[in-house]
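*Asks:* Residue numbers for the sequence shown follow our numbering, beginning at 43 and rising by one.
Built from N, CA and C at the ideal position, the CB exists for glycine as well.
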Amino acid sequence: MNQSTTSEVKEESKEEEKKSGGSIFDVFRYKEIKEKDIEDFIEELRYQLLESDVSFEVTEKILEDLKENIIGKKVRRSEDLERIVKDSLKKSITEIITKNKPMNVLEEIKKSTKPYIIIFFGINGVGKTTTIAKFAYMLKKNGLSCIISASDTFRAAAQEQLEIHARNLEIPLIKGKYGGDPASVAYDAIRAAKSRGIDVVLIDTAGRMHTDTDLVNELKRVVNITRPNLKILVLDSLGGNDALEQAKYFENNVGFDLVILTKVDADVKGGVILSLAYELNKPVGYLGVGQTYDDLIPFNAEWFIQRLFS
């Protein structure tokens with residue numbers, strides 16, 4: 043048999059292998075992943091996700107998806123099964139996170155009609171006032187002017203706290219009387235922005251528990267009157283599953299566009315980010331990572347994945 047004929051036979055043999063699904067020796071090279079093979083890895087991942095504050099429901103859904111993707115898959119016997127499972131999970135989580143990519147807020151503001159109106163809300167204690175000051179600093183650093191509306195006319199000292207930040211940042215502030223109409227304060231700030239040619243209006247609102255119907259109705263009224271371009275929900279990264287419940291309530295009653303997650307510097311994994319993306323299809327736009335005005339950073343998916351699995 044000449045060399046040409048030998049090559050043809052080899053090629054035909056390869057084609058037959060492809061048609062038949064592989065060589066008879068594949069049984070020695072490959073194995074099919076069964077559920078019992080990955081049970082221990084799944085339990086370890088379940089613990090890791092729950093410890094990272096991913097909600098129980100989201101954890102179970104993600105692990106079920108993982109099992110569907112892996113069980114029955116053929117892999118080389120020499121491959122590390124644990125690595126295959128973790129890599130598959132990381133890929134799945136990356137897809138969930140990047141699917142809900144937040145808008146570039148600065149670019150959106152620059153190309154929009156002025157003033158661009160942003161309203162902030164969230165429950166008491168999440169760091170909303172400080173977050174607004176950080177956001178104002180970010181705008182100023184990027185060449186955008188802004189004015190702050192102190193529309194929390196409910197909590198004592200709320201306006202004074204904002205006033206200190208506004209003075210430090212040399213940013214105008216519009217205040218009202220305690221017990222007064224928060225929508226009126228916001229409306230005055232919008233009118234001031236129009237008359238002064240200011241780019242952005244930042245509206246603070248009363249911190250409210252998501253169970254406080256009266257205050258939530260008041261928030262709806264402020265939103266209806268001001269018609270904001272962007273609604274930002276501020277959540278505490280230390281809140282765990284409760285932060286997800288807050289997000290669900292605000293989404294169902296007011297709606298929001300993106301989340302700012304605070305206190306991320308307190309050594310938290312930030313699993314609520316994954317819960318928000320999976321359950322509500324809502325992106326986290328920024329992270330509060332410290333106490334200075336410069337400690338507000340854009341959310342980065344790679345950073346989150348690395349932190350989740352560290």
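Give me, in chain order, the residues of the same chain whose beta-carbon lies closer than 6 Å to that of Glu124; leave out the 5 immediate sequence neighbours on both sides.
*Replies:* The sequence position of residue 124 within the sequence shown is 82, counting from 1. Taken in chain order, the residues that qualify are Phe83.
*Asks:* Name the DSSP bridge partner or partners of Tyr158?
*Replies:* Indexing the sequence shown from 1 puts residue 158 at position 116. Paired residue(s): Val242.
*Asks:* Per the DSSP calculation, Asp278 is bridged to which residue(s)?
*Replies:* Here residue 278 refers to the residue found at position 236 when the sequence shown is read from its first residue. Looking at the DSSP assignment, Asp278 forms a beta bridge with Thr304.
*Asks:* Identify every run of the alpha helix (DSSP H) within the stretch 60 to 143, keeping only runs that are complete inside it and at least 4 residues long; order them along the chain.
*Replies:* Listed in chain order, they are 68 to 71, 77 to 93, 98 to 112 and 123 to 141.
*Asks:* Please work out which residues of its chain come closer than 6 Å, Cβ to Cβ, to Phe351, disregarding the five sequence neighbours upstream and downstream, and give them in chain order.
*Replies:* On the sequence shown, position 309 is the one that residue 351 refers to. None.
*Asks:* Is the Cβ-Cβ distance between Asn184 and Leu211 less than 9 Å?
*Replies:* Sequence index remark: in the sequence shown, residue 184 carries index 142 (1-based). Sequence index remark: in the sequence shown, residue 211 carries index 169 (1-based). No.
*Asks:* Taking only the alpha-carbon atoms, compute the straight-line gap between Met145 and Gly327 and give it to the nearest angstrom.
*Replies:* On the sequence shown, position 103 is the one that residue 145 refers to. On the sequence shown, position 285 is the one that residue 327 refers to. C-alpha separation (whole angstroms): 8 Å.
*Asks:* Note down the Cα distance separating Leu261 from Thr247, rounded to an integer number of angstroms.
*Replies:* In the sequence shown, residue 261 corresponds to position 219, counting from 1. In the sequence shown, residue 247 corresponds to position 205, counting from 1. Rounded to whole angstroms, Leu261 to Thr247 spans 7 Å at the Cα level.
*Asks:* Buried or exposed for Tyr158, going by 16 or more other Cβ atoms inside 10 Å?
*Replies:* Here the question's residue 158 lines up with position 116 in the sequence shown. By the 10 Å Cβ count, Tyr158 comes out buried.
*Asks:* Return the bridge partner residues of Ile339 from the DSSP annotation.
*Replies:* Counting from one through the sequence shown, the residue named residue 339 turns up at place 297. Bridge partners of Ile339: Leu329.
*Asks:* Apart from the five residues just before and just after His207, which ones in its own chain have a Cβ nearer than 6 Å to its Cβ?
*Replies:* Walking along the sequence shown from the start, residue 207 turns up at place 165. Cβ neighbours of His207 beyond the five flanking positions: Ala175.
*Asks:* If you scan the stretch 140 to 214 from start to end, which runs of the alpha helix (DSSP H) of 4 or more residues do you find wholly inside it?
*Replies:* Fully enclosed alpha helix (DSSP H) runs of 4 or longer: 147 to 153, 170 to 183 and 200 to 211.
*Asks:* Confirm, please, whether the CB-CB distance from Lys73 to Lys109 is below 9 Å.
*Replies:* Sequence index remark: in the sequence shown, residue 109 carries index 67 (1-based). Sequence index remark: in the sequence shown, residue 73 carries index 31 (1-based). Not a contact, by the Cβ cut-off of 9 Å.
*Asks:* Would you mind sorting Gly330 into buried or exposed? The rule is 16 or more other CB atoms within 10 Å of its CB.
*Replies:* Working through the sequence shown from its first residue, we reach residue 330 at position 288. Counting Cβ neighbours within 10 Å, Gly330 comes out buried, since at least 16 surround it.
*Asks:* State buried or exposed for Thr140, treating a residue as buried only when at least 16 other CB atoms are found within 10 Å of its CB.
*Replies:* Taking the first residue of the sequence shown as 1, we reach residue 140 at position 98. Burial call: exposed.
*Asks:* In the DSSP assignment, what are the bridge partners of Lys273?
*Replies:* Against the sequence shown, residue 273 aligns to sequence position 231. Beta-bridge pairing links Lys273 to Ile161.
*Asks:* Short of 7 Å in beta carbon distance, which residues of its chain neighbour Thr255, apart from the five on each side in sequence? Order them along the chain.
*Replies:* Counting from 1 along the sequence shown, the entry for residue 255 is found at position 213. Same-chain partners within the cutoff: there are none.
*Asks:* Distance check for Asp95 and Phe67, CA to CA, integer angstroms please.
*Replies:* Working through the sequence shown from its first residue, we reach residue 67 at position 25. Working through the sequence shown from its first residue, we reach residue 95 at position 53. In this prediction, Phe67 has a pLDDT of 46, which is less than 50 and means its spatial position is unreliable; what the coordinates show is noted afterwards. Each residue's alpha carbon lies about 46 Å from the other.
*Asks:* Thinking C-beta only, is Leu186 closer than 9 Å to Asp241?
*Replies:* As a first step, residue 241 must be located in the sequence shown, where it is residue number 199. As a first step, residue 186 must be located in the sequence shown, where it is residue number 144. A contact, by the Cβ cut-off of 9 Å.
*Asks:* Looking at the C-beta of Lys73, does it have a partner C-beta in chain C at a distance below 9 Å?
*Replies:* Note that chain C does not occur in the displayed structure, where there is just one protein chain.
*Asks:* Between the Cα of Ile161 and those of Asn271, Ala319 and Pro325, spot the shortest distance and give me the residue it belongs to.
*Replies:* Counting from 1 along the sequence shown, the entry for residue 161 is found at position 119. Closest option to Ile161, Cα to Cα, is Asn271.
*Asks:* Quick one: Cα of Val22 to Cα of Val306, how far?
*Replies:* A query on residue 22 cannot be resolved here, the shown segment of the chain reaching from 43 to 352 and no further.
*Asks:* What is the DSSP secondary structure of Ser352, reduced to helix, strand or coil?
*Replies:* In the sequence shown, residue 352 corresponds to position 310, counting from 1. Three-state result, Ser352: coil.
*Asks:* Determine the direct distance from the alpha carbon of Leu87 to that of Val69, and round the result to whole angstroms.
*Replies:* Within the sequence shown, residue 69 is the residue found at index 27, counting from 1. Within the sequence shown, residue 87 is the residue found at index 45, counting from 1. Residue placement at Val69 cannot be trusted, given a pLDDT of 47 that sits under 50; what the coordinates show is reported in the next sentence. Each residue's Cα considered, the two are about 29 Å apart.
*Asks:* On the CB-based measure, 16 or more other CB atoms within 10 Å of its CB, does Lys170 come out buried or exposed?
*Replies:* Residue mapping note: residue 170 aligns to position 128 of the sequence shown, counting from 1. Buried.
*Asks:* Determine the extent of the alpha helix (DSSP H) in which Thr334 is found, giving its start and end residues.
*Replies:* For this step, residue 334 is matched to residue 292 along the sequence shown. Neither: Thr334 is in no alpha helix (DSSP H) and is coded neither H nor E.
*Asks:* Report buried or exposed for Tyr179, applying the criterion of at least 16 other Cβ atoms within 10 angstroms of its Cβ.
*Replies:* Taking the sequence shown and counting its residues from 1, one reaches residue 179 at position 137. Counting Cβ neighbours within 10 Å, Tyr179 comes out buried, since at least 16 surround it.
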